[in-house]
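Numbering (the working numbering), first residue to last: 7 to 156.
Where a beta carbon is used, it is the ideal one built from N, C-alpha and C, also for glycine.
Note sheet for the following structure.
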Amino acid sequence: MKRTITAPQQAFQGDADTSMESAPVREPLRTEFAFTLPRGYVAADGTVHRHGVMRLATARDELVPLRDDRVRENAAYLTVVLLARVITSIGDVDDVHVGVIENLFAADLAFLQDMYRQINSEGHTRAAVRCPECAHNFEVDLSGSRLGES
Numbered sequence: 007m008k009r010t011i012t013a014p015q016q017a018f019q020g021d022a023d024t025s026m027e028s029a030p031v032r033e034p035l036r037t038e039f040a041f042t043l044p045r046g047y048v049a050a051d052g053t054v055h056r057h058g059v060m061r062l063a064t065a066r067d068e069l070v071p072l073r074d075d076r077v078r079e080n081a082a083y084l085t086v087v088l089l090a091r092v093i094t095s096i097g098d099v100d101d102v103h104v105g106v107i108e109n110l111f112a113a114d115l116a117f118l119q120d121m122y123r124q125i126n127s128e129g130h131t132r133a134a135v136r137c138p139e140c141a142h143n144f145e146v147d148l149s150g151s152r153l154g155e156s
């Protein structure tokens, strides 16, 4: 038995201009997200790099590290391997590998873990918050831009 799916005919009837106005406007899919590290990555030459880019993770990004011997020996190492796969740059460092992630300060590692969770579960780095004093609702960007921002 062959199954086919057909679109409702009323969606195609009527004036074309009217149907275009009612169509929802969709944002293009963002796959890369800029960030600013709270402390910064200190390169071998002493240069501090704070700005970087993280891309969305693929299923492969989450599966490949599970075969890594370092992850098998220590499950906590999964974060290091996974972040090394999805961070495309930190400052002038375009070859972000496990050694770079290992040398981040703990505050930067925690920041990147939170950012990874946020963009891969929500698709963005914004979070809805409420002021505890006035109860005003607003959004904050979790990627931050200065020390102490998140």
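{"Asked": "Cβ-Cβ separation, Met60 to Val92 (assumed contact under 8 Å), whole Å", "Found": "5 Å"}
{"Asked": "Simplified DSSP assignment, three categories, for Asn109", "Found": "coil"}
{"Asked": "Span separating the alpha-carbon of Leu242 from that of Glu128", "Found": "A question about residue 242 goes unanswered here, because the residues of the chain that appear run from 7 up to 156."}
{"Asked": "For Val102, the three-state DSSP class (helix, strand or coil)", "Found": "coil"}
{"Asked": "Proximity winner among Leu88, Gly52, Ala82 and Pro30, relative to Asp67 (alpha-carbon distances)", "Found": "Leu88"}
{"Asked": "Among Leu35, His142 and His55, nearest to Gly46 - alpha-carbon criterion", "Found": "His55"}
{"Asked": "Pair within 7 Å by beta-carbon distance, Ile125 and Phe41", "Found": "no"}
{"Asked": "Glu38 - containing alpha helix (DSSP H), residue span", "Found": "Looking at the DSSP string, Glu38 is not in any alpha helix (DSSP H); the run it does join, the beta strand (DSSP E), is Glu38 to Val48."}
{"Asked": "For Phe111 and Lys50, the rounded distance between their alpha carbons", "Found": "It is worth fixing the name first, because residue 50 is Ala in this sequence and not Lys. Using only the alpha carbons, I get a separation of about 14 Å."}
{"Asked": "Glu145 in three-state terms, based on DSSP", "Found": "strand"}
{"Asked": "Residues sharing a beta bridge with Ile96, DSSP", "Found": "Gly58 and Val99"}
{"Asked": "First and last residue of the uninterrupted alpha helix (DSSP H) at Ala65", "Found": "Ala65 to Leu69"}
{"Asked": "Best match in Glu145, Ala81, Gly58 and Asn109 for proximity to Asp100 [C-alpha to C-alpha]", "Found": "Gly58"}
{"Asked": "DSSP state of Val168 mapped onto helix, strand, coil", "Found": "The question about residue 168 has no answer here: the residues shown for the chain are numbered 7 through 156."}
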